[in-house]
Amino acid sequence: MARGRFITLEGPEGAGKSTHLALLAERLRAEGIAVRTTREPGGTKLGEAVRGLLQYDAAGEAPVPRAELLLFLASRAQLVQELILPALRRGEWVLCDRFCDSTFAYQGYGRGMDLAALHALNAFATDRLEPDLTLLLDIPQAESRARVAGRDGPADRFERERDDFHRRLAEGFRAMARECGRIRRIDSSGTPEQTAEAVWAAVSPFLQKEREDA
Ligand SMILES: Nc1ncnc2c1ncn2[C@@H]1O[C@H](COP(=O)(O)OP(=O)(O)OP(=O)(O)O)[C@@H](O)[C@H]1O
Ligand SMILES: [Mg+2]
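Here our numbering is used: the sequence shown runs in plain steps of one and ends on residue 231.
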């Protein structure tokens, strides 16, 4: 049976994940692909409720690191089973704004939790679903800080973290991109148009393959 492709966008705050997810979805739809877009944490009713707990302490207190991890994984488990797998089975492509690599970067490299444990827990939460392709949108830390500072609204709990936390997670993302073939690092410090072209250059071979297989 035809199965859609599962593509995730990752990277530090303000790198352009949400911007390029929307642009990529538009471009794929113009090519006749059925696309489902979603985000983490969130994407389901349960996940969106968890997002409030994680980002703005909606429960009235901040989660401790282990609770934080499990809340992210609860949101992911719901998203995989309720939205991602059904869409892929229908042959749709799923584009997700953050997924497992954010857990490894933020909770692993950022908070210092054991990476092997995170991989095992993530595999349990996702029932071993992995992205077919991950686009790591990368920008220098100062640029990330400047883009976040330019936004309206209160900073979330992660945006308020110290610079060394953000440095560790950005280095973690880069290390993962070097080690893992599914992750493509894309420089997102230029214009949105330049980044969009680099995104398309990474995705279009998958479209080519889809057409050859059809
Ligand atoms: N090359 C670029 N690609 C995308 N956005 C860019 C680029 N250069 C500058 N920007 C600006 O950076 C911001 C990116 O915001 P966006 O919400 O897409 O980032 P994000 O990675 O989703 O952030 P967050 O992790 O906080 O959700 C926008 O304000 C956009 O105008
Ligand atoms: Mg975003």
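Heads up, the beta-carbon is just placed ideally off N, CA and C, and yes, glycines get one too.
Here the structure is a predicted model, which means the values were calculated and not measured.
Shorter than 7 Å, the distance from the beta carbon of residue 37 to the closest heavy atom of ligand 1, or not? yes
Determine the DSSP secondary structure at residue 101, reduced to helix, strand or coil. helix
Taking all protein chains shown into account, decide if residue 155 is buried (16 or more other Cβ within 10 angstroms of its Cβ) or exposed. buried
The segment 117 to 133 / the segment 60 to 67 touching (three or more Cβ pairs under 8 Å): no
Once DSSP output is grouped into helix, strand and coil, what is the label at residue 52? strand
With three or more C-beta pairs closer than 8 Å as the rule, is the segment 98 to 106 touching the segment 27 to 38? Contact check between the segment 27 to 38 and the segment 98 to 106: fewer than three CB pairs, one atom from each, fall below 8 Å, which does not count as touching.
Counting only the same chain and skipping the five closest in sequence on each side, list residues whose C-beta sits under 8 Å from that of residue 189. 121, 122, 125, 126, 127
What are the start and end residues of the alpha helix (DSSP H) that includes residue 146? From DSSP, residue 146 is part of no alpha helix (DSSP H); its letter is neither H nor E.
Can you find the residues in the same chain that come closer than 6 Å, C-beta to C-beta, to residue 201, ignoring five residues on each side of it along the sequence? 152, 219
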